[in-house]
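A.B. asks:
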Amino acid sequence: MVESSDAISIELGIVGPDVLEIISELVSLFCITVLATAIGSKTYGETLRSINYGRFMVIMLYLSSWAFAYTSAVVVSTNNNNMTSCTLGMLACDIFYAGSKIIIYAWLIERIYLVTAVKTSRLKTNSYRIHLTMLCPYIIIFALMLIYRNIYLEADGKCTIGLQLIASIPLLVYDFILNLYLTWLFMAPLMNIGLTSRANWKRSRLYRLARRTLVASVVSLLISFANVLFVVVTKGHQRGLVCLTMCTVDVTINAVTVYWVTTNKNGGGKDANGKNKTIYTTDHMSAELTFDAAEPNDNKHQQAKFDFASIQLDRDSKLNQEEEDSGGEGSIRSTQISQLSAKPLHSY
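Residues in the sequence shown are numbered consecutively from 1, following full-length UniProt numbering.
1) When the distance is taken between beta carbons, is Leu-153 closer than 7 Å to Asp-232?
2) Quick one: Cα of Leu-88 to Cα of Val-19, how far?
3) Going by DSSP in three states, Glu-329 sits in which element: helix, strand or coil?
4) Using the C-alpha atoms, what's the distance from Ala-216 back to Ala-188?
5) Secondary structure at Asp-292, three-state DSSP: helix, strand or coil?
6) Could you pull out every residue in the same chain whose Cβ sits closer than 6 Å to the Cβ of Ser-85, ignoring the five residues on either side in sequence?
7) Using CA coordinates, which residue listed in Thr-120, Lys-158, Tyr-105, Lys-101 is at the minimum distance from Met-83?
8) Looking at Ser-24: is its Cβ nearer than 7 Å to the Cβ of Leu-241?
9) From Pro-17 to Leu-244, what does the alpha carbon distance come to, in whole angstroms?
10) Which of the three DSSP states, helix, strand or coil, is assigned to Cys-136?
11) Quick check on this structure: which residue in Asp-250, Thr-183, Leu-108, Met-57 has the alpha carbon closest to the alpha carbon of Val-218?
12) Hey, how far is the Cα of Met-57 from the Cα of Ile-102?
13) Helix, strand or coil for Tyr-53 per DSSP?
14) Is the beta carbon of Tyr-128 closer than 7 Å to that of Tyr-113?
15) Nearest to residue 354 by alpha carbon, out of Ala-255, Ile-253, Cys-247?
16) How would you label Tyr-62, buried or exposed, when you count the other beta carbons within 10 angstroms and need 16 or more for buried?
17) For Leu-178 and Ala-106, what's the separation of their Cα atoms in angstroms?
18) Which stretch, first to last residue, makes up the beta strand (DSSP E) that contains Gly-162?
19) Taking the beta carbon of Asp-156 as the centre, do at least 16 other beta carbons fall within 10 Å, making it buried, or is it exposed?
20) Only counting the same chain, and skipping five residues up and downstream in sequence, which positions put a Cβ closer than 8 Å to that of Ile-147?
21) For Asn-227, does the three-state DSSP call read helix, strand or coil?
22) Keeping to the same chain, check which residues put their C-beta closer than 8 Å to that of Asp-250; ignore five residues upstream and five downstream.
Structure below.
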């Protein structure tokens, strides 16, 4: 004869949080705190007029990552024996996770544009249009994620979600190839500068920027690859809280790496009011190599394309003050270029 407590357990399934659920909630709360701190740090002292496209993309990345972490924390606490919560958890993975990836790709494309064709408007630049077109396949992958997914409750009430192989494999391949390509495309011109410049490349701020971007991109690539690979290996049959926790950690690490790339160590790039300062040399040929640049047609910011042979890296080693890149695009304020330069950093 079945005891009453056993009968209740069989009828209701899991009652109350288990160890994995508690760990998942703690991870989500930690990620929410980290992302909220990043949002506050990046928006402190900013105004709507000072937020350009680069800043906007970074802030949107933090907001979408925070929204996913918050949704994950809420959904995990109600996952068991709740098909509605289980479905919402899968939708959160599809929408917020895919959205954060698109934002990161758009941010990398913006970085590439600003070091290759800063004097030409975005939509008039062939490479920029090509790179935007390369994001279109993600629409198809997103549709596959919505159609070919697993959402069901186990016999004990545990929520199980995931992507079927027809959706997870294209996501894995596309994410890996595009991320790797964009990283290489950004790094190639910077490394070419180092090979053709007479200056000490490894002591330059350009080198530090390149190194940071490379490390951040590799970390982001590996974390995302491992996450999607686990989905492929499990064939889309993961416990809901496991899937949500892994995706939360994924987007948080991506956001933190972007924050690391775009933030000055000593905060020297902000004035007393928390606003960004711009340091120019006395040389009238100085130009601003910045990923937080104004629009190409802005008369307040004279910009030019960069020529390998004309760049003098770190002319004054005493100018050791690095600017915070509040738009996700690390600044180098005293790079010297020739006024006659008309060649881009990298043609393709």
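Beta carbons: idealized from backbone N, C-alpha and C, even for Gly.
C.D. replies: Here's the rundown:
1) Within the sequence shown, residue 232 is the residue found at index 232, counting from 1. Within the sequence shown, residue 153 is the residue found at index 153, counting from 1. The question names Asp, but residue 232 is Val in the sequence shown. It is not a contact, given that the beta carbons lie outside the stated cut-off.
2) Translated into the one-based positions of the sequence shown, residue 88 becomes position 88. Translated into the one-based positions of the sequence shown, residue 19 becomes position 19. Their backbone Cα atoms lie some 22 Å apart in a straight line.
3) Position 329 of the sequence shown, counted from the first residue, corresponds to residue 329. With a pLDDT of 43 at Glu-329, under the threshold of 50, the modelled position of this residue cannot be trusted, and the question is left open.
4) As a first step, residue 188 is located in the sequence shown; it is residue number 188 there, counting from the start. As a first step, residue 216 is located in the sequence shown; it is residue number 216 there, counting from the start. Distance between the alpha carbons of Ala-188 and Ala-216: 16 Å.
5) Residue mapping note: residue 292 aligns to position 292 of the sequence shown, counting from 1. Unreliable positioning characterises Asp-292 in this predicted model, as indicated by a pLDDT of 40, which lies under 50. The coordinate reading is nonetheless provided below. Coil.
6) As a position in the sequence shown, residue 85 is number 85, starting the count at 1. Here the set comprises Val-75, Thr-78, Asn-79.
7) For the purposes of this step, residue 83 is taken as residue 83 along the sequence shown, with counting starting at 1. The residue with the shortest Cα to Cα distance from Met-83 is Lys-158.
8) Taking the sequence shown and counting its residues from 1, the one referred to as residue 24 is at position 24. Taking the sequence shown and counting its residues from 1, the one referred to as residue 241 is at position 241. The Cβ atoms of Ser-24 and Leu-241 lie closer than 7 Å to each other.
9) Position 17 of the sequence shown, counting from 1, holds the residue named residue 17. Position 244 of the sequence shown, counting from 1, holds the residue named residue 244. Rounded to the nearest angstrom, the two C-alpha atoms are 16 Å apart.
10) The sequence position of residue 136 within the sequence shown is 136, counting from 1. DSSP places Cys-136 in coil when its eight states are reduced to three.
11) What you label residue 218 is simply residue 218 of the sequence shown in a count that begins at 1. Ranking the options by Cα distance to Val-218, first place goes to Thr-183.
12) On the sequence shown, position 57 is the one that residue 57 refers to. On the sequence shown, position 102 is the one that residue 102 refers to. C-alpha of Met-57 to C-alpha of Ile-102: approximately 10 Å in a straight line.
13) Sequence index remark: in the sequence shown, residue 53 carries index 53 (1-based). The answer is helix: DSSP assigns Tyr-53 an H, G or I state.
14) Here the question's residue 113 lines up with position 113 in the sequence shown. Here the question's residue 128 lines up with position 128 in the sequence shown. Yes. Within cutoff.
15) The structure shown has nothing for residue 354, since the chain only spans 1 to 348.
16) Against the sequence shown, residue 62 aligns to sequence position 62. Classification for Tyr-62: buried.
17) Looking up residue 178 in the sequence shown gives position 178. Looking up residue 106 in the sequence shown gives position 106. Looking at the two C-alpha atoms, the distance is approximately 11 Å.
18) Mapped onto the sequence shown, residue 162 falls at position 162. 159 to 163 is the extent of the beta strand (DSSP E) around Gly-162.
19) Within the sequence shown, numbered from 1, the residue matching residue 156 stands at position 156. Burial call: exposed.
20) Working through the sequence shown from its first residue, we reach residue 147 at position 147. In its chain, beyond the 5 residues on either side, Ala-167 have a beta carbon closer than 8 Å to the beta carbon of Ile-147.
21) Taking the sequence shown and counting its residues from 1, one reaches residue 227 at position 227. Helix, per DSSP.
22) Indexing the sequence shown from 1 puts residue 250 at position 250. Answer for Asp-250: Tyr-97, Ile-223, Ser-224, Asn-227, listed in chain order.
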